[in-house]
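Numbering (our numbering), first residue to last: 5 to 243. Each residue gets a CB set at the ideal place from its N, CA and C atoms; glycine is no exception.
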């Protein structure tokens, strides 16, 4: 009977795959199959996170301890909210003083406990002021960016898009971070990230690449972690 049940289960799973794949492109089928077999996708559902990306931030924080209790964090491109969820958990709304997380995104984001959400393009001139207003004068300890434009499938184009977002996020971080703060952002390997790294090295005491296990091994995705912000004007004063 056990063998029979397993056989029936296998046939049901096969039917689901075939039904789901119908009418989809080959790349869509591969993406769907990868999602169905991804342990982080299942873990995100089980633990109530809005995206598998939450585990990337958890792993980075477990190793580098950037989300400290009571910290003030800004999450750029926050939708759907996985990173903001982790930031709120790790900074602690019950800390003294309580941590505060602000998520900003052009798209609407469903409410998240412990997070103030702003629907606004972070590239707009009023964005830094809007965040400072929400924070009521509290200095920003860290800026997060897991942003990525819609993938085209063309590696060079996707690389340039993500690097453009990363560079814009770095400029934004320089506007709101307090001295000693950190900046964490997604990049793609491809060559032009050197420009970003050189710029960050002038503004931060430490700059390194990190690749959490939750990032797929075959992906060119990396994260840049810059710590020890030197303050506004540091770039101009650097040799």
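- Where residue 65 is concerned, the enclosing alpha helix (DSSP H) starts and stops at 57 to 68.
- The shortest CA-to-CA distance from residue 146 to any of 125, 52 and 106 is the one to 106.
- Annotation for residue 212: the continuous beta strand (DSSP E) segment containing it runs 208 to 214.
- Per DSSP, residue 230 is one residue of the beta strand (DSSP E) stretching across 225 to 233.
- In the DSSP assignment, the residues bridged to residue 190 are 227.
- Within 10 angstroms of the beta-carbon of residue 85 lie 16 or more other beta-carbons, which makes it buried.
- The residues 151, in chain order, have a CB closer than 6 Å to that of residue 169 in the same chain once the five nearest residues on each side in sequence are set aside.
- Counting along the chain, no beta strand (DSSP E) covers residue 135; the unbroken alpha helix (DSSP H) around it starts and ends at 131 to 139.
- Distance between residue 192 and residue 55, taken at the CA atoms: about 19 Å.
- Here residue 181 is near residue 233, since their CB atoms are less than 8 Å apart.
- Three or more beta-carbon pairs separated by less than 8 Å link the region 53 to 69 to the region 79 to 94, which places the two stretches in contact.
- By the Cβ-count criterion, residue 218 is buried, with 16 or more other Cβ atoms from all chains shown falling within 10 Å of its own Cβ.
- A contact between stretches requires three or more CB pairs, one per stretch, nearer than 8 Å, and the region 46 to 53 fails this requirement with the region 67 to 78.
- In its chain, beyond the 5 residues on either side, 44 and 218 have a beta carbon closer than 6 Å to the beta carbon of residue 59.
- Here DSSP, grouped into helix, strand and coil, assigns residue 149 to strand.
- When the alpha-carbon of residue 116 is set against those of 130, 97, 132 and 131, the nearest one is in 97.
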